[in-house]
Each structure stands twice: as C-alpha cells, then as structure tokens.
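Worksheet: the structure to be examined is printed underneath.
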Amino acid sequence: MIASLSYGYNVDVSLIQLAGAYAQLQMAELGSPLL
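The number in the numbering used here is simply the position in the sequence shown, starting from 1, with 268 added.
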C-alpha cells in the first residue's frame, strides 16, 4: 500500500517537473521575461 502510494507520488512529481520544463520551453520560445 505504501509502496503504491510512494510510486504514485513519484509519478505525480515527475509529471509536474515535465510540465514545468515544457512551460519554460514555451516561455523561452515566446521570448517572455516571466522567468
């Protein structure tokens, strides 16, 4: 049970990191100074 919860948490974190990296790439392409 704990293993599955920690696995799900790790997946959520990796998805958030991927979303953040994608957002940063989009901002860089747009030339936006928000970062």
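Beta carbons are placed, not taken as given, at the ideal position from N, Cα and C, and that holds for glycine.
Length of the line joining the Cα atoms of residue i and residue j
i: Met284; j: Ser274; result: It should be pointed out that residue 284 corresponds to Ile in this sequence rather than to Met. Cα-Cα distance, rounded: 15 Å.
i: Met295; j: Leu286; result: 14 Å
i: Leu298; j: Asn278; result: 30 Å
i: Gln292; j: Asp280; result: 18 Å
i: Ala289; j: Gly276; result: 20 Å
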